[in-house]
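Below is one structure, written out as structure tokens; the observations come after it.
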Amino acid sequence: MVLPQRQNLVSVIVVALSAALISLTVPGGFAALALATGLLTLLTIIPMFIIDLYRQGAFVSYTVFEISSFSILWVLWLSSASYAAWADSQLTALLLGDSSCSIDLFGSGALSQGCSEIKAITAFSFLVWIYVGLILLALPNHGVHLHSPGAEHPAQGRGYSAWTAAVRDGTLLFPSEKSVENPVQVTVTAPPDTV
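Each residue of the sequence shown is one higher than the one before, counting from 6 in our numbering.
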């Protein structure tokens, strides 16, 4: 899937920005939450992807496991983004309403750099939150689609459950080979000429 790859890229950006901001300030607060959330995302999604790639039937490939994992990540990213937005509003109030990060009280550029990093962490955290939300919209649809009448799945048969099926084996995002080989043909007939 494309979305988890983009999510990982943006997670790396959030981790780097959070680490840079923590190096400028006292550890803790929203930057630590964003750093922990980014690292947890990378430590969750990458192994899930690798295990799913090399081993069929692993529990990390189950639709229900992925929904659970992405739900937890969705809450964590929302928390990180909103905490960063709150910190940005507090900094804006401290800078007397200047939200452009152009005021530097000490002349070192650290306050301006920190202000810009807070805004970037906020934006990228909300971006990952949106990505995870899109994935969470697709995953239940995948399970429901596999439960629908006429849906075909390679593992269907005795003991089959759509919620413990691998997401990559589904037909929601990728059409089945039968639907590609035998497209629906529509015949249109013209009405008879009446004079």
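Beta carbons: idealized from backbone N, C-alpha and C, even for Gly. Here the structure is a predicted model, which is why all the values come from computation and not from measurement.
According to DSSP, what are the bridge partners of TYR59? Answer is none; TYR59 lacks a bridge partner.
Within 7 Å, strictly: CB atoms of SER121 and ALA89: no
If you compare alpha carbons, which of ASN146, LEU142, PHE35 and SER16 is closest to SER87? PHE35
Alpha-carbon spacing of THR97 relative to ALA125, whole angstroms: 14 Å
Quick one: Cα of GLN118 to Cα of CYS106, how far? 8 Å
Cβ of LEU38 within 7 Å of Cβ of SER94? no
When you compare the segment 54-69 with the segment 20-33, are there three or more beta-carbon pairs, one atom per stretch, that lie closer than 8 Å? no
Can you find the residues in the same chain that come closer than 7 Å, C-beta to C-beta, to SER16, ignoring five residues on each side of it along the sequence? GLY43, THR46, LEU47 and VAL133
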